[in-house]
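Chemist: There's a structure below that I have some questions on.
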Amino acid sequence: MQKLKVGDTVQVMAGAEASEKNAASKRGKILKIDRESERVTVEGLRLVKRHLKKTPQSPEGGIVEKPGTIALANVQVVCAKCDKPTRVGFRTEGEDGKKKRFCKNCDALID
């Protein structure tokens, strides 16, 4: 089981995006995870500009902003209950023995 999943709300803890003032500007949902290169794409963060040529697929062309990638080690999951970035732990819950993720700060389930 993975500690980060697509759709989790994360906060950037290190790097260029972490230097902004308030914590809300450093948060976003995970759009894509690349396990091979250990990088994540977070919605609204690390925006990079791409210059597109006019083609039949993109008839307008121009400059497009899209989210870049952030190192996996530089983000932490934000707990919905305590609203703080937290480490993630695992425990088996219920009779079926399925693994569940939980917040190490407030002990609330993340899944």
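Numbering (the working numbering), first residue to last: 30 to 140. In this text, a Cβ means the ideal position worked out from N, Cα and C, and glycines have one as well.
1) With 16 other CB atoms within 10 Å as the buried threshold, where does Leu76 fall?
2) For Thr121, is the classification buried or exposed, using 16 other Cβ atoms within 10 angstroms of its Cβ as the cut-off for buried?
3) Quick one: measure Cβ to Cβ for Glu67 and Leu33, integer angstroms, because I've assumed they're closer than 8 Å.
4) Classify Leu138 as helix, strand or coil using the three-state DSSP reduction.
5) Could you tell me whether any Cβ in chain E is nearer than 9 Å to the Cβ of Gly73?
6) Taking the alpha-carbon positions, what's the Leu138 to Arg79 distance?
7) Measuring CA to CA, which of Lys127, Gly123, Gly97 is closest to Ala45?
8) Would you report the Cα separation of Asp140 and Asp63, rounded to the nearest angstrom?
Modeler: Taking the coordinates as given:
1) Here the question's residue 76 lines up with position 47 in the sequence shown. The residue in question, Leu76, is exposed, as its Cβ has fewer than 16 Cβ neighbours within 10 Å.
2) In the sequence shown, residue 121 corresponds to position 92, counting from 1. Looking at its Cβ environment, which holds fewer than 16 other Cβ atoms inside 10 Å, Thr121 is exposed.
3) Position 38 of the sequence shown, counting from 1, holds the residue named residue 67. Position 4 of the sequence shown, counting from 1, holds the residue named residue 33. That belief does not hold up - the Cβ atoms of Glu67 and Leu33 are roughly 11 Å apart, past 8 Å.
4) Stepping through the sequence shown from its first residue, residue 138 is reached at position 109. It is a strand residue.
5) Judged by its chain identifiers, the structure shown contains no chain E, having just a single protein chain.
6) The count along the sequence shown starts at 1 and reaches residue 138 at position 109. The count along the sequence shown starts at 1 and reaches residue 79 at position 50. Leu138 and Arg79: Cα-Cα distance of roughly 39 Å.
7) Taking the first residue of the sequence shown as position 1, residue 45 is located at position 16. Nearest option by C-alpha distance: Gly97.
8) For the purposes of this step, residue 140 is identified with residue 111 of the sequence shown, where counting begins at 1. For the purposes of this step, residue 63 is identified with residue 34 of the sequence shown, where counting begins at 1. Their backbone Cα atoms lie some 21 Å apart in a straight line.
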